[in-house]
Every structure is written in structure tokens, then in C-alpha cells.
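To start, the structure itself, in C-alpha cells.
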Amino acid sequence: MGTPEAADPVRRDVERFLVHVRDERRLSPHTVSAYARDLDAFCAFQDEAAGAGSWSWTDVDRRRIRSFMGAGTRAGLDRRTVARQVSALRSFFRFLHLDERVPANPARTVRSPRMERRLPGHLSRPEIERLFDDAALRAGENTLEGTRDLAMLELLYGSGLRLSELQAMDVGDVDAKGGQVRVRGKGRKERIVPVTGSALRALARYLPRRLDALDGTTTDGAALFLSRRGQRLSRRTIQRRVRERLGTAAADAGLSVHSLRHSFATHLLDAGADLLAVKELLGHVSLSTTRIYTHTSRERLRQVHRAAHPRA
Numbered sequence: 068m069g070t071p072e073a074a075d076p077v078r079r080d081v082e083r084f085l086v087h088v089r090d091e092r093r094l095s096p097h098t099v100s101a102y103a104r105d106l107d108a109f110c111a112f113q114d115e116a117a118g119a120g121s122w123s124w125t126d127v128d129r130r131r132i133r134s135f136m137g138a139g140t141r142a143g144l145d146r147r148t149v150a151r152q153v154s155a156l157r158s159f160f161r162f163l164h165l166d167e168r169v170p171a172n173p174a175r176t177v178r179s180p181r182m183e184r185r186l187p188g189h190l191s192r193p194e195i196e197r198l199f200d201d202a203a204l205r206a207g208e209n210t211l212e213g214t215r216d217l218a219m220l221e222l223l224y225g226s227g228l229r230l231s232e233l234q235a236m237d238v239g240d241v242d243a244k245g246g247q248v249r250v251r252g253k254g255r256k257e258r259i260v261p262v263t264g265s266a267l268r269a270l271a272r273y274l275p276r277r278l279d280a281l282d283g284t285t286t287d288g289a290a291l292f293l294s295r296r297g298q299r300l301s302r303r304t305i306q307r308r309v310r311e312r313l314g315t316a317a318a319d320a321g322l323s324v325h326s327l328r329h330s331f332a333t334h335l336l337d338a339g340a341d342l343l344a345v346k347e348l349l350g351h352v353s354l355s356t357t358r359i360y361t362h363t364s365r366e367r368l369r370q371v372h373r374a375a376h377p378r379a
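The sequence shown begins at 68 in my numbering and counts up by one.
Shown next, in the form of C-alpha cells:
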């Protein structure tokens, strides 16, 4: 993000919006950075089409936004990226309209590209068993890495956490007596989720090893998951460690950290869990986001029906 004193009035409005979503709406740094990239891309598109410094936000209409979408598609951007850019413009122009900087929101009626709802990849129950058998074997060596990796896997699958939520966890977020953890989700919203007994046992094994990583110079003493140097584990490191463990348990090479969250939801629904309860556990704002997991469960039911019914 640049400075609020940007010389170009167009960029100044962008900076004001970014400060607004960061400080007032308290969106995550990841979301603010995405807004910044998408709005910068639109400004660059307008500069090339109309000339830098020769246009204002009141010049932008629905047609210009559609042209921007077309340019992105021709440049090879996928539908998801183009849809995100349109969403950023919609939020930005809503901000300008409320601030009476533009007479209307030209992006409000622009339709985003139709998205294909892809079924999330997830692990089968036998793969989950292999994953945790292997992780428990490594944790048995009582090393920092082995005990830490098992605890991370138990929380990701046992509580359905996002990567960002796991990475941001502090020691104080764990309530072992209550069998729950405090989670900071999207938009910095907090929720309390239950943890499994196996996750609590894995944490109890890991926490003494965690103390070994602390020294007097660490600045991340509150972080739950630490590196050998006493620093909070980065998202990239967590991704790498989890992918290594997934590679030993499952045949699908495309599985990721998020696949454990998908597995959590799918296995709960397979066992008859209420959709609204799963929505709350996952921290979803909309029930439609949770419903994608029901498709996976329905496919499993179809397979059972075909295999078991005499006339299937």
C-alpha cells in the first residue's frame, strides 16, 4: 500500500479506500493486499486507455468495467481472478458513492463470470488413518518437529481450521480444560471451536518440546507453533510440512492443507451432522458456502446405493 499523499487524485482515492478497509472494516492484510493489486490493475488499464492523469472515477461506467474484464480474460486470467477484480471494484465504488465522490456505483450491475463450483478434494477415512498413524510414529521420537506436526494435523482435521487460523494461534487460545480453542477467522472474526481428545493429547506432548525452542531473544513467545529458532511458523512452512505428511498417506498429489478442512466437513456430514452446525464450526458467513460439501456426501450416498441395492 502506498502513501495517503499520492500525487494522482485517482490513486489518492484508492489509498483512502485501502486505509478504510484496513483500519475501519478491519479486513485481513491478505484481503487488503488483494484489493490493492486489483485496483492498481484497473488504474493501469484506464491509464493506458485514457491517458495517465486525464481521467477520474466519474468517467468510469459499466462499459469500461466490462472492457477491463475482457482485457483480463484475453490476458489469460482465470474466471476466479476476474470475478475477484469485479468484486474489488464493486466495493471500491460503493465506498466512493457513500462518500459522494461518484453519483452511482457503476460496478453494481456488472455480472461476475460464472464460477464452476468445484468439489473440494478430501481424504478418505483410510487415508486419514494412515496420515495419523504416520504422524504419531514420528511424534513418538519426541522431537520438536514430530510432536508439532502431529498437533497441527490434529487441529486442522479435528477442528476444521483454515491455514491462516492455525498459523495465527497463540498458546493462550487453547483452553485444554474446556476442550476448545479460540480461532481468529476471516475479517478478524473470532469463534470458539471444540477440539478432539486426540488433539489435546498431541498438544500436551508438543508443548514441552515447544519450550525447548524458546530463548531470551524470541519475539514470538506467544505463538503456539514455533520453529526451532523460536519464531512463529510461516504459512509456507506449515504448507510444506503438511504436504509432506499428506504425500505419505494419500495417492492424490493435489491435496493441500485445506484438504484437511474439507475432510473435516465431509466426514461430519457423512456421519449425519447438521448442516447449520457444520457452518458454525467452519466459520462460514453463508450457508451456501457450506452446502458445497453436501455434494460430496450425496455422491458417496449414490455410490452406496449403486453398490448395495439389488436393482441399482
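Built from N, CA and C at the ideal position, the CB exists for glycine as well. From a predicted model like this one, the values you see are computed outputs, not experimental measurements.
Item, Value
"Nearest to Leu58 by CA position, among Arg358, Arg308, Pro173, is which residue?", "This structure leaves residue 58 out entirely; the chain is present only between 68 and 379."
"I'd like the span of the beta strand (DSSP E) that includes Pro37, first residue to last.", "Because residue 37 is not part of the residues shown, which for the chain are 68 to 379, the question remains open."
"Buried or exposed for Lys346, going by 16 or more other Cβ atoms inside 10 Å?", "buried"
"Excluding sequence positions up to five away, which residues of its chain have a Cβ less than 8 Å from the Cβ of Ala119?", "Asp75"
"To the nearest angstrom, report how far apart Tyr360 and Leu222 are at their CA atoms.", "19 Å"
"Who are the near neighbours of Phe160 in its chain, counting only those whose CB is closer than 7 Å to its CB and skipping five residues on each side?", "Val169, Asn172, Pro173, Ala174"
"What is the rounded straight-line gap between the Cα of Leu204 and the Cα of Arg197?", "11 Å"
"Give me, in chain order, the residues of the same chain whose beta-carbon lies closer than 7 Å to that of Glu72; leave out the 5 immediate sequence neighbours on both sides.", "Note that Glu72 scores a pLDDT of 46, beneath 50, so its modelled location is shaky; the value from the coordinates is reported in the next line. Correct list: empty, nothing qualifies."
"Along the chain, where does the alpha helix (DSSP H) that runs through Val260 open and close?", "Element bounds for Val260: not the alpha helix (DSSP H) but the beta strand (DSSP E), 257-261."
"Can you look up Val241 in the DSSP assignment and give me helix, strand or coil?", "strand"
"Taking Arg251 as part of the beta strand (DSSP E), name the residues at either end of that continuous run.", "247-251"
"Sorted by chain position, which residues of the same chain lie with C-beta nearer than 6 Å to Arg251's C-beta, five sequence neighbours on each side aside?", "Ala235, Glu257"
"Within its chain, find whatever has a CB closer than 7 Å to the CB of Asp90; leave out the 5 residues flanking it on each side and keep chain order.", "none"
"Assuming Gly288 is part of the alpha helix (DSSP H), what are its boundary residues?", "Taken as a continuous stretch (DSSP letters only), Gly288 belongs to no alpha helix (DSSP H), as it is neither H nor E."
"Distance, Cα to Cα, Gly245 vs Gly239?", "13 Å"
"If you draw a straight line from the C-alpha of Arg295 to the C-alpha of Glu194, how long is it?", "29 Å"
"Checking 7 Å against the spacing of the C-beta atoms, do Ala155 and Asp105 come in under that value?", "yes"
"Please determine, among Thr263, Arg141, Glu208, Val153, the residue with the shortest C-alpha to C-alpha distance to Arg129.", "Val153"
"Give the secondary structure of Arg299 by DSSP, where H, G and I count as helix, E and B as strand, and everything else as coil.", "strand"
"Which residue from Arg302, Ala111, Glu311, Phe162 puts its Cα closest to that of Ala138?", "Ala111"
"Measure the beta-carbon distance from Leu230 to Gln113 and round it to whole angstroms, keeping in mind my assumption that it falls under 8 Å.", "That pair is no contact at about 35 Å."
"Take the Cβ of Arg311 as the centre, count every other Cβ of all protein chains shown within 10 Å, and call the residue buried at 16 or more, exposed below.", "Sequence inspection shows Glu at residue 311; the Arg mentioned does not correspond to that position. Exposed: under 16 other Cβ atoms inside 10 Å."
"Report the CB separation of Ala243 from Leu281 in whole angstroms; it is logged as a contact under 8 Å.", "Rounded, the Cβ-Cβ distance is 19 Å, inconsistent with contact."
"Would you kindly work out how many angstroms separate the C-alpha atoms of Thr286 and Gln298, rounded to a whole number?", "7 Å"
"Is it buried or exposed for Ala317, if we count other Cβ within 10 angstroms and need 16 for buried?", "buried"
"Count the other CB atoms, across all protein chains shown, that sit within 10 Å of the CB of Ser226; report buried if there are 16 or more and exposed otherwise.", "buried"
"For a quick check, are the C-beta atoms of Arg277 and Leu293 less than 7 Å apart?", "yes"
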